[in-house]
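Participant:
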Ligand code: PMP
Ligand code: GLN
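Numbering (the working numbering), first residue to last: 208 to 596.
1. In whole angstroms, what separates the C-alpha of residue 217 from that of residue 226?
2. Just verifying my parser: in three-state terms, what is the DSSP assignment at residue 587?
3. Per DSSP, residue 342 is paired with what?
4. Does the ligand PMP have even one heavy atom less than 8 Å from the beta-carbon of residue 405?
5. Is it buried or exposed for residue 266, if we count other Cβ within 10 angstroms and need 16 for buried?
6. For residue 224, which residues of its own chain have a beta-carbon under 8 Å away from its beta-carbon, when the five flanking residues on both sides are left out?
7. Using DSSP bridges, identify the partner residues of residue 450.
8. What is the C-beta distance between residue 555 and residue 571, in whole angstroms, given that I count them as a contact (C-beta under 8 Å)?
9. Enumerate, from N- to C-terminal direction, the unbroken beta strand (DSSP E) stretches of 3 or more residues contained entirely within the segment 380 to 433.
10. Could you check what DSSP says for residue 559 in three-state terms: helix, strand or coil?
11. Please name the residue or residues paired with residue 572 in a DSSP beta bridge.
12. Apart from the five residues on each side of it in sequence, which residues of its chain come closer than 6 Å, Cβ to Cβ, to residue 273?
13. Got a sec: does the ligand GLN put a non-hydrogen atom nearer than 8 Å to the Cβ of residue 555?
14. Give me the Cα-Cα distance between residue 671 and residue 259, rounded to the nearest whole angstrom.
15. For the beta strand (DSSP E) that residue 370 lies in, which residues bound it at each end?
16. Taking only heavy atoms of the ligand GLN into account, decide whether any of them is closer than 8 Å to the Cβ of residue 215.
17. Who's in the neighbourhood of the ligand GLN, going by beta-carbon under 6 Å from any heavy atom, listed in chain order?
18. Measure the C-alpha to C-alpha separation of residue 321 and residue 257 and round it to an integer number of angstroms.
19. Is residue 373 near the ligand PMP, in the sense that its beta carbon is under 8 Å from a heavy atom of that ligand?
20. In the structure shown, what three-state DSSP assignment does residue 236 receive?
21. Run the proximity test for residue 448: is its beta-carbon closer than 8 Å to any non-hydrogen atom belonging to the ligand PMP?
22. Are there any heavy atoms of the ligand ADP lying less than 8 Å away from the beta-carbon of residue 520, as far as the coordinates show?
23. Let me know if residue 231 comes out buried or exposed under the rule of 16 or more other beta-carbons within 10 Å of its beta-carbon.
24. I need the straight-line Cα distance from residue 568 to residue 284, nearest angstrom please.
25. What would DSSP say about residue 508, mapped onto helix, strand or coil?
26. Taking 8 Å as the cut-off, is the CB of residue 526 close to at least one heavy atom of the ligand PMP?
27. Taking the DSSP output, what are the residues bridged to residue 262?
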């Protein structure tokens, strides 16, 4: 038999699926894969149910329901002062995952270079490689994950086509700071590069900080695609409703890729998210406040057990250093398996977010978007196995 496509044939199952399956097998509390254990607001789900029964349930427009595209444009204006024409500058996708693939397919040709930051989300590299493009990875280091300016400058070349940013960043919880964004913007303009911004955690930002899209910096709108996800913003990760905003020339190319990936996204879910995006500030502030309290609950529990808990400005995740806590094992993957099987709490080994040489082996990621009782039980299980300070 002939060889299959090596980009995909050589890959394993994602670490998220692997650790969720291990959690189920061993009855562990799943603080691995990032999903809330309570569904999003009932009124939003009711809207989807109503739309499903009322119909139509046929193909919606390829670019998305007008109501949702209007809602995304209004959202971007309301939160960031970004003006996009809903008719040709907004595209609805089946989750941010599809949005990322469609944007990368639309922008990249073989030999193009892509600057991106490590640790990185797992879907980026396979698609970049499938495009024949070349990743130029800038590694960020714990505990503050600041961008090393020299390494950033060195990652750019005349072949740089794109910079991919994930802010707030999975798994680190880092919010890219103003000065860092400005530096990236200068380099991108100097090299005439596009920006692809994975901003799925845009509303999950804590301690009064605010997410700042790079598209809002001077001169950046024209070269930037911005991706959001209703899954994160409304705690409905299974719905897979995502959206991309950008200048019309770029969105037009992304739509050409999207039309052959999924073509469209279920209309009932789109209608409900069109309604949801218009929720008042109380909703958005309440979401961030509730998650911040969960972050603090899990952080203090983990610190009490002895882990070094790294700061997280946003997202669903806390990363911890495991040095000297629990058994000394050969890898972070072995450690995460030990946590799952022996301590009864599943986590994600952070080396899964690295592609370069010698990833750190002393870090795991815990997800805190869980009910308080579940977080408390997880802390008790870990304390029982590992002990406390
Ligand atoms: N980007 C990042 C950084 C993520 O953590 C996720 C997690 N789901 C996604 C993209 C994908 O989002 P969606 O579920 O909307 O496809
Ligand atoms: N984004 C989620 C996480 O980081 C996982 C999504 C998935 O399983 N593909 O946990």
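Every residue, glycine too, gets a C-beta built ideally from N, C-alpha and C. Since this is a predicted model, take the numbers as computed values, not measurements.
Facilitator: Taking the structure as given:
1. Residue 217 and residue 226 have their C-alpha atoms some 19 Å from each other.
2. helix
3. 321
4. Residue 405: yes, Cβ under 8 Å from the ligand PMP.
5. exposed
6. 240
7. Answer by DSSP bridge pairing, in chain order: 299 and 435.
8. 6 Å
9. 401 to 405
10. It is helical.
11. BP columns for residue 572 point to 526 and 555.
12. In its own chain, leaving out the 5 sequence neighbours on each side, no residue places its CB closer than 6 Å to the CB of residue 273.
13. yes
14. What the structure shows of the chain is the stretch from 208 to 596, and residue 671 is not part of that stretch, so it cannot be assessed.
15. Start and end: 367 to 373.
16. no
17. 221, 223, 240, 241 and 377
18. 43 Å
19. yes
20. strand
21. yes
22. The ligand ADP is absent from the structure shown, which contains only the ligand PMP and the ligand GLN.
23. exposed
24. Between residue 568 and residue 284, the C-alpha separation is close to 42 Å.
25. helix
26. Not a single heavy atom of the ligand PMP lies less than 8 Å from the C-beta of residue 526.
27. For residue 262, no pairing in a beta bridge is given by DSSP.
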